[in-house]
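Residue numbers (our numbering), protein chains in the order written: chain A, 1 to 257; chain B, 258 to 516.
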């Protein structure tokens, strides 16, 4: 456990390698820092503007999280309803596919017209974009309950609600957490997209501002902040997933013969 | 105890109605161990669903304990080829699952938790899983999972145990072990069993009567009484009389497959 293996070090090694190659490319090909700033320039911009970066990161973070929480609450509720009944599933499916295939960027201007420039369009974009995978995964988890297991329980006189509570809902756990990992990154994308179109705070807003002031190192510093925030949020849910539905991970690896 | 009276079951298929069972009659007495054998696709599993009330016959009548079956019978425990244990529950909690559903246990479970736990532990002891109660299903072999599945089917002390090829996915040695486990459980608890299988030796070793079904549409073409004395040791499997029984059953099935 405590021994660090070569495999644990590869992510760090690769990240460093990317920066080194990037830096070398900037030097060797004499790339203007206005086109592509070297990592050193980006990091120094990060140091110089740490406070605006941090403050705007927090704005992006909270709009993402609020949108995501809304998506989780409504996504689970709708997923349960859809998974409950085949009729609802069939009725709702085309609507949801249609809704999901609308690029959410196209909705942002509408949201801004409705709610004005600010955090609300960002929250709603985050919500809209991350909602769908949660619904689909929860519904799939419910719909794929083994028919034989259902027979066992029905023969005991179990109601549909019993089967749902004892089998269906616990079973959706791994599907749900898989979806949450995807949804949190999507919510993040949604929030930033909305901020770049119209907002007065947030990392997206900061990058647009920096771009129009020709501060390329700061734009890239913004990108870096986005990447770090995205990795952190993903890591939180990957960790939760391991903790909450560990049985789904171990079942395949350690089944005795 | 269980009577099927001239039961026909058909359901809509891709190209017209499919008849799974036609004019099937069958009687199983209380405490009897009945086996149903036949070629694959002869509607054996349909028979199980009919008896437990999961589906209703198109024609004819199904009676369990003198009552017409009109819905799930609630006195049955079931086990299938796949153990179907819940991976997020320990073995003990898997075994207790039916008690959380069947009344009156579901109302008492919280109050009498310890007593029900003891009952489950006893049952796990009979099948040799006492030390595995706190393990998870995926930590156990297929044979052990199937033992736990049998316990789950029996925990609410059902009057009727329905088994649908419960040992089909196991290797030959594990299967023999489980034949003994099932034999002992049955002799100890005295429930009625309907065992659906395509393994003739399994049927011959365990059953009092063997019903042979024809190919689809299925119906019972022959009923055999097996009168090897009980308790039957595993050696019965290798006795000449047993081999003769299996042989003649095999011929019968070959015959109905041709027809």
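Note that beta-carbon positions come from the ideal geometry of N, C-alpha and C, so glycine has one too.
Simplified DSSP state of residue i, which is helix, strand or coil
i, result
"residue 198 of chain A", "coil"
"residue 178 of chain A", "helix"
"residue 379 of chain B", "helix"
"residue 258 of chain B", "coil"
"residue 295 of chain B", "coil"
"residue 468 of chain B", "strand"
"residue 505 of chain B", "helix"
"residue 205 of chain A", "helix"
"residue 30 of chain A", "coil"
"residue 271 of chain B", "coil"
"residue 433 of chain B", "helix"
"residue 245 of chain A", "coil"
"residue 447 of chain B", "coil"
"residue 90 of chain A", "helix"
"residue 481 of chain B", "strand"
"residue 475 of chain B", "strand"
"residue 40 of chain A", "helix"
"residue 232 of chain A", "helix"
"residue 279 of chain B", "strand"
C-alpha gap between residue i and residue j, whole angstroms
i, j, result
"residue 248 of chain A", "residue 396 of chain B", "12 Å"
"residue 505 of chain B", "residue 460 of chain B", "13 Å"
"residue 17 of chain A", "residue 24 of chain A", "10 Å"
"residue 46 of chain A", "residue 35 of chain A", "18 Å"
"residue 213 of chain A", "residue 219 of chain A", "10 Å"
"residue 496 of chain B", "residue 467 of chain B", "18 Å"
"residue 379 of chain B", "residue 405 of chain B", "12 Å"
"residue 83 of chain A", "residue 138 of chain A", "7 Å"
"residue 407 of chain B", "residue 335 of chain B", "8 Å"
"residue 95 of chain A", "residue 143 of chain A", "19 Å"
"residue 518 of chain B", "residue 320 of chain B", "Nothing about residue 518 of chain B can be read from this structure; chain B reaches only from 258 to 516."
"residue 515 of chain B", "residue 296 of chain B", "11 Å"
"residue 471 of chain B", "residue 455 of chain B", "12 Å"
"residue 50 of chain A", "residue 28 of chain A", "29 Å"
Residues near residue i in its chain [Cβ-Cβ closer than 7 Å; skip 5 each side]
i, result
"residue 447 of chain B", "288"
"residue 200 of chain A", "117, 118"
"residue 181 of chain A", "234, 237, 238, 241"
"residue 37 of chain A", "216, 217, 220"
"residue 464 of chain B", "290, 291, 292, 452, 483"
"residue 19 of chain A", "39"
Whole-angstrom C-beta distance between residue j and residue i, which should lie under 8 Å
i, j, result
"residue 150 of chain A", "residue 163 of chain A", "6 Å"
"residue 359 of chain B", "residue 381 of chain B", "So it is not a contact: roughly 19 Å between Cβ atoms."
"residue 424 of chain B", "residue 435 of chain B", "5 Å"
"residue 312 of chain B", "residue 417 of chain B", "16 Å between Cβ atoms; not a contact."
"residue 269 of chain B", "residue 342 of chain B", "Not confirmed; about 33 Å, so no contact."
"residue 255 of chain B", "residue 329 of chain B", "Absent from the model: residue 255 of chain B. The displayed extent of chain B is 258 to 516, so no value can be given."
Minimum Cβ-Cβ distance from residue i to chain E less than 7 Å
i, result
"residue 337 of chain B", "The chain inventory of the structure shown lacks chain E, comprising the protein chains A and B."
Same chain only: Cβ atoms within 6 Å of residue i, ignoring 5 sequence neighbours per side
i, result
"residue 252 of chain A", "Legend: pLDDT at residue 252 of chain A = 46, less than 50; position of this residue unreliable, no value from coordinates given."
"residue 195 of chain A", "122, 202, 204, 205"
"residue 279 of chain B", "265, 474, 476"
*Please go through the stretch 302 to 374 of chain B and give each complete beta strand (DSSP E) segment of 3 or more residues, from N-terminal end onward.*
As for any beta strand (DSSP E) of minimum length 3 sitting wholly inside the stretch 302 to 374 of chain B, the runs are 316 to 321, 333 to 336, ordered along the chain.
_Length at least 4, wholly inside the stretch 145 to 175 of chain A: the alpha helix (DSSP H) runs in chain order_ = Entirely contained in the stretch 145 to 175 of chain A, the alpha helix (DSSP H) runs reaching 4 residues are, in chain order, 147 to 155, 160 to 163.
*Residue ranges of each alpha helix (DSSP H) within the stretch 104 to 151 of chain A, 4 or longer*: 108 to 115, 119 to 143
*Along the chain, which unbroken stretches of the beta strand (DSSP E) at least 3 residues long are found entirely within the stretch 395 to 439 of chain B?*
417 to 421
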